[in-house]
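A.B. asks: What follows is a structure written as structure tokens; I'll ask about it next.
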Amino acid sequence: MEKNDANIQEMRNKEQIEIFLSGKDSIDRFRRIIMQYECAMLEIKTKLDVLNTELSLQKSRNPFETIKCRIKSPESILEKMKRNHIPMTIEAMEKNMNDIAGIRVICSFPDDIYMLADCLLAQDDITLIARKDYIKKPKPNGYRSLHLIVEVPIFLTDEKKPMRVEVQFRTIAMDFWASLEHKMKYKKHIEKAESISNELYYCAELIAQLDGRMQQIREKIEGAPEI
Numbered sequence: 470m471e472k473n474d475a476n477i478q479e480m481r482n483k484e485q486i487e488i489f490l491s492g493k494d495s496i497d498r499f500r501r502i503i504m505q506y507e508c509a510m511l512e513i514k515t516k517l518d519v520l521n522t523e524l525s526l527q528k529s530r531n532p533f534e535t536i537k538c539r540i541k542s543p544e545s546i547l548e549k550m551k552r553n554h555i556p557m558t559i560e561a562m563e564k565n566m567n568d569i570a571g572i573r574v575i576c577s578f579p580d581d582i583y584m585l586a587d588c589l590l591a592q593d594d595i596t597l598i599a600r601k602d603y604i605k606k607p608k609p610n611g612y613r614s615l616h617l618i619v620e621v622p623i624f625l626t627d628e629k630k631p632m633r634v635e636v637q638f639r640t641i642a643m644d645f646w647a648s649l650e651h652k653m654k655y656k657k658h659i660e661k662a663e664s665i666s667n668e669l670y671y672c673a674e675l676i677a678q679l680d681g682r683m684q685q686i687r688e689k690i691e692g693a694p695e696i
């Protein structure tokens, strides 16, 4: 029964996407806008890669471990527009959605997160649109991350256009927790769901303590005199 329901929902989603992108002009406009988001995402990624290279020379270590980029699928865009009661037009999508292009930066230590974010925001072609610090003020379920919505100009053949990108900064431990929590959140009919939520919250607290202690250890190592 659940499989049939999923198939029906998938068919409905495809129908809604076809309606949303009805006509060749709409499809071409959508593809062009998505291309622009990809360009903006690459602009931000390049800036972060340059910072990582420079800071690794200064500090003899890389401030971030990995960087991941993604563009929301048409299905995800449509689902979020429906959930947030955004009109089903390309104009409304571009005006109201800030996370079509996303970058996730995985750092070793919490202080690297704030250093990188500050360095990125200090660049004169970056405009901060919104900042949500879920590290200092975690979500009720224990989720931790620093979220920035930034605007960056892209230069095309016929225009210069500001585009928005969401940048998330996490430690390795925060990302591990968030990935597992995300997978389990979408499982249906879990027994003892409240107990599992409590366990996840407890694990998030332990991870925060671990991040803090690892940062203290690093500071002791860096402050120790060389023999």
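One point on numbering: in the numbering used here, the residue at position 117 of the sequence shown is 586, and numbering is uninterrupted. By construction, the Cβ of each residue, glycine as well, lies at the ideal position given by its N, Cα and C atoms.
Specify whether the stretch 614-622 and the stretch 547-560 touch according to this definition: at least 3 beta carbon pairs, one from each stretch, less than 8 Å apart.
C.D. replies: no
A.B. asks: What are the partner residues of H616, as DSSP defines its beta bridges?
C.D. replies: Counted from its first residue, the sequence shown places residue 616 at position 147. DSSP, once it has assigned bridges, lists K601 and Q637 as partnering H616.
A.B. asks: Please classify R633 as buried or exposed, where buried requires at least 16 neighbouring CB atoms within 10 angstroms.
C.D. replies: In the sequence shown, counting from the first residue as 1, residue 633 sits at position 164. Label assigned to R633: buried.
A.B. asks: Buried or exposed: which applies to E512, given that a residue is buried once 16 or more other Cβ atoms fall within 10 Å of its Cβ?
C.D. replies: The residue labelled residue 512 in the question sits at position 43 within the sequence shown. With 16 or more Cβ atoms within 10 Å of its Cβ, E512 is classed as buried.
A.B. asks: Check R573 in the structure and name its three-state DSSP category.
C.D. replies: Position 104 of the sequence shown, counting from 1, holds the residue named residue 573. Residue state, collapsed to three classes: strand.
A.B. asks: Among all the DSSP beta bridges, which residues are the ones paired with I540?
C.D. replies: Your numbering for residue 540 matches position 71 in the sequence shown. For I540, which the question treats as bridged, DSSP gives the partners A570.
A.B. asks: Under the three-state reduction of DSSP, which class applies to K606: helix, strand or coil?
C.D. replies: In the sequence shown, residue 606 corresponds to position 137, counting from 1. Three-state result, K606: coil.
A.B. asks: With a threshold of 7 Å on Cβ separation, who are the neighbours of F447 within its own chain once the five nearest residues in sequence on each side are excluded?
C.D. replies: The displayed coordinates of the chain run from 470 to 696. Any statement about residue 447 would go beyond what the structure contains.
A.B. asks: Following the continuous alpha helix (DSSP H) through N565, name the residue where it begins and the one where it ends.
C.D. replies: Position 96 of the sequence shown, counted from the first residue, corresponds to residue 565. Note, N565: alpha helix (DSSP H), I559 to N565.
A.B. asks: From the DSSP output, read off the bridge partner residues of K630.
C.D. replies: Taking the sequence shown and counting its residues from 1, the one referred to as residue 630 is at position 161. Answer is I623.
A.B. asks: In or out: R682 buried (at least 16 other Cβ within 10 Å) or exposed?
C.D. replies: As a first step, residue 682 must be located in the sequence shown, where it is residue number 213. By the 16-neighbour rule on beta-carbons within 10 angstroms, R682 is exposed.
A.B. asks: Is the number of C-beta pairs between the stretch 594-614 and the stretch 535-547 that are closer than 8 Å three or more?
C.D. replies: no
A.B. asks: Could you tell me the distance, in whole angstroms, from the CA atom of I559 to the CA atom of S495?
C.D. replies: By 1-based counting over the sequence shown, the position of residue 559 is 90. By 1-based counting over the sequence shown, the position of residue 495 is 26. C-alpha separation (whole angstroms): 8 Å.
A.B. asks: Hey, quick one: how far does the alpha helix (DSSP H) through D581 stretch, first residue to last?
C.D. replies: Residue numbering aside, residue 581 sits at position 112 when the sequence shown is read from its first letter. P579 to L590 is the extent of the alpha helix (DSSP H) around D581.
A.B. asks: Between T535, L679 and V619, which has its C-alpha nearest D593's C-alpha?
C.D. replies: Residue 593 sits at position 124 when you count from the first residue of the sequence shown. Here the closest residue by C-alpha is V619.
A.B. asks: Measure the Cβ-Cβ separation of M510 and G571 and say whether it is below 9 Å.
C.D. replies: The residue labelled residue 510 in the question sits at position 41 within the sequence shown. The residue labelled residue 571 in the question sits at position 102 within the sequence shown. Yes, Cβ-Cβ distance for M510 and G571 is below 9 Å.
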